[in-house]
Amino acid sequence: MTEVIAVAVITLLAVISPGADFAMVVRNSYLYGRPTGLFAAAGVAAGVLVHVSYTMLGVGLLIASSTALFTAIKLAGAAYLVWIGIRTFRAPDTLTVDLESKPGLSPLGALRSGFLTNVLNPKTTLFVVSTFTQVVEPGTPAWRQVGYGLFMSAAHLVWFGAVALFFSDSRLRDRMLKAQKALNRAIGSVLVGLGVGLGLAR
Numbered sequence: 003m004t005e006v007i008a009v010a011v012i013t014l015l016a017v018i019s020p021g022a023d024f025a026m027v028v029r030n031s032y033l034y035g036r037p038t039g040l041f042a043a044a045g046v047a048a049g050v051l052v053h054v055s056y057t058m059l060g061v062g063l064l065i066a067s068s069t070a071l072f073t074a075i076k077l078a079g080a081a082y083l084v085w086i087g088i089r090t091f092r093a094p095d096t097l098t099v100d101l102e103s104k105p106g107l108s109p110l111g112a113l114r115s116g117f118l119t120n121v122l123n124p125k126t127t128l129f130v131v132s133t134f135t136q137v138v139e140p141g142t143p144a145w146r147q148v149g150y151g152l153f154m155s156a157a158h159l160v161w162f163g164a165v166a167l168f169f170s171d172s173r174l175r176d177r178m179l180k181a182q183k184a185l186n187r188a189i190g191s192v193l194v195g196l197g198v199g200l201g202l203a204r
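Residue numbers for the sequence shown follow my numbering, beginning at 3 and rising by one.
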């Protein structure tokens with residue numbers, strides 16, 4: 003149960019922390035409307051599965067080949083959570099989004115934009131790797147690891163789907179932006195606490 007809680011908390015914080023995926027979904031929703039934003043959100047969720055797939059394979063190989071190296075990566079992952087938590091806490095109150103109007107996106111184009119933004123995003127790579135190295139142990143069943151990965155993807159789909167709904171409506175968009183400062187501080191503080199706690203627990 004501790005593993006499940008750790009995965010859930012880290013994933014949710016990673017998802018709602020503003021970054022490239024957030025900016026891309028905001029832009030598509032704001033410029034092209036709700037359906038385009040939702041397709042982009044689905045693309046982001048699909049991209050997460052790519053990160054999960056290679057991370058599961060890599061973590062499995064590390065556990066089998068070198069306990070010392072795996073432990074070192076665990077500690078590096080905990081340090082990364084602390085670092086990104088500090089960065090998030092100190093982030094600007096607003097996120098810069100390119101709102102230059104361009105030709106409309108087809109559903110496939112929106113899906114592709116979300117997928118590529120996520121797959122090429124190093125932040126997602128580091129979060130997925132950090133999460134798996136913190137919670138996956140030699141005895142963790144493969145089916146549970148797959149469940150973690152599916153949860154990560156589903157969390158991205160739900161959150162960025164909500165972002166698409168908010169930013170395609172001007173009133174909801176304004177409310178969400180006003181809460182950004184408090185959100186950054188809360189996310190940053192919890193990530194630092196998680197990183198320190200996980201690092202000291204090993």
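We put the CB at the ideal spot given by N, CA and C, even for glycine. Here the structure is a predicted model, which is why all the values come from computation and not from measurement.
Legend entry - For HIS53 and THR127, the rounded distance between their alpha carbons: Looking at the two C-alpha atoms, the distance is approximately 6 Å.
Legend entry - Distance between ALA188 and ILE7 (C-alpha atoms, nearest Å): So the alpha carbons of these two residues sit roughly 18 Å apart.
Inset, instruction - Quick one: using the 10 Å Cβ neighbour count with 16 as the cut-off for buried, is VAL148 buried or exposed? - result: Exposed: under 16 other Cβ atoms inside 10 Å.
Legend entry - Pair within 8 Å by beta-carbon distance, VAL27 and GLY111: The Cβ atoms of VAL27 and GLY111 do not sit closer than 8 Å to each other.
Inset, instruction - Check THR126 in the structure and name its three-state DSSP category. - result: Reduced to three states, the DSSP call for THR126 is helix.
Inset, instruction - Please state whether DSSP places ARG114 in a helix, a strand or coil. - result: Three-state result, ARG114: helix.
Inset, instruction - Please work out which residues of its chain come closer than 7 Å, Cβ to Cβ, to TRP161, disregarding the five sequence neighbours upstream and downstream, and give them in chain order. - result: Listed in chain order, the non-local C-beta contacts of TRP161 below 7 Å within the same chain comprise VAL17, ILE18, local neighbours out to five positions each way being set aside.
Legend entry - Residue interval of the alpha helix (DSSP H) (run including LEU107): Neither: LEU107 is in no alpha helix (DSSP H) and is coded neither H nor E.
Inset, instruction - State yes or no: is the C-beta of ARG36 within less than 8 Å of the C-beta of SER132? - result: ARG36 places its beta carbon 8 Å or farther from that of SER132.
Legend entry - Distance CB(ALA166)-CB(ALA42) smaller than 8 Å: In contact: ALA166 and ALA42 (Cβ atoms closer than 8 Å).
Inset, instruction - Compare the Cα-Cα distances from THR73 to each of ALA47, LEU152, GLN136 and report the closest residue. - result: In this structure, GLN136 is the residue among ALA47, LEU152, GLN136 with its C-alpha nearest to the C-alpha of THR73.
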